[in-house]
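Note sheet for the following structure.
Numbering (this note's numbering), first residue to last: 214 to 333.
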């Protein structure tokens, strides 16, 4: 039993020496490998997150600037209607006969093709 404890104590004492005696090639990536890894991470981040988000923002901005009286739209809350008035930040949407609501332009989720509301 005493010999096993001495063996374990001796192995634990030698652990730092084993860690320092590793092969230099097994130490990991060099500086160039780290730069390539970081560049790959940035490219993945750009193509999967930033670029699609930017594209959607441009499309939504174009949609908001192109809203006109008579267009049929759906808001982000799911309300569908026909635009009766357009101002700088708000639009007035007719959701039923003689029922109009004011909605912020940024709340418009999509523009519908003409005649869609008649089919609903």
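Don't be surprised by glycine CBs; every beta carbon is placed ideally from N, CA and C.
Open item on the list: Could you pull the DSSP bridge partners for residue 274 from this structure?
Closed with: Taking the first residue of the chain shown as position 1, residue 274 is located at position 61. According to DSSP, residue 274 bridges with nothing at all.
Task: From 294, 282, 245 and 286, residue whose alpha carbon lies closest to that of residue 309 - done: For the purposes of this step, residue 309 is identified with residue 96 of the chain shown, where counting begins at 1. Comparing Cα positions, the closest option is 294.
Task: 7 angstroms CB neighbourhood of residue 315 in its chain, flanking five on each side removed - done: Position 102 of the chain shown, counted from the first residue, corresponds to residue 315. If we look at residue 315 and ignore the five residues flanking it on each side, its Cβ neighbours are 303 and 305.
Task: Distance, residue 299 Cα to residue 317 Cα - done: Looking up residue 317 in the chain shown gives position 104. Looking up residue 299 in the chain shown gives position 86. Using only the alpha carbons, I get a separation of about 10 angstroms.
Open item on the list: Counting C-beta neighbours from all protein chains within 10 Å, is the total for residue 257 16 or more, i.e. buried, or is it exposed?
Closed with: Walking along the chain shown from the start, residue 257 turns up at place 44. Exposed, because fewer than 16 other Cβ atoms sit within 10 Å of the Cβ of residue 257.
Open item on the list: If I follow the unbroken beta strand (DSSP E) through residue 318, where does it start and stop?
Closed with: Reading the chain shown from its first residue, position 105 is the one you call residue 318. No beta strand (DSSP E) holds residue 318; DSSP gives it neither H nor E.
TODO: Alpha carbon to alpha carbon, how far is residue 301 from residue 326? Give it in angstroms, no decimals.
DONE: Residue numbering aside, residue 326 sits at position 113 when the chain shown is read from its first letter. Residue numbering aside, residue 301 sits at position 88 when the chain shown is read from its first letter. Those two C-alpha atoms are separated by around 23 angstroms.
Task: Where the beta strand (DSSP E) containing residue 303 begins and where it ends - done: Reading the chain shown from its first residue, position 90 is the one you call residue 303. That run of the beta strand (DSSP E) goes 303 to 309.
Task: Beta-carbon proximity of residue 330 to residue 285, cut-off 8 angstroms - done: The residue given as residue 330 occupies position 117 in the chain shown. The residue given as residue 285 occupies position 72 in the chain shown. For residue 330 and residue 285, yes; Cβs fall inside 8 angstroms.
- [ ] Starting from residue 295, trace the beta strand (DSSP E) both ways and give me its first and last residue.
- [x] Taking the first residue of the chain shown as 1, we reach residue 295 at position 82. Start and end: 293 to 299.
Task: Per-residue DSSP class, three states only, for residue 280 - done: In the chain shown, the residue the question calls residue 280 occupies position 67. Residue 280: coil per DSSP, three-state reduction.
- [ ] Using the Cα positions of residue 278 and residue 252, report the straight-line distance between them to the nearest angstrom.
- [x] Residue numbering aside, residue 278 sits at position 65 when the chain shown is read from its first letter. Residue numbering aside, residue 252 sits at position 39 when the chain shown is read from its first letter. Straight-line Cα distance between these residues: approximately 37 angstroms.
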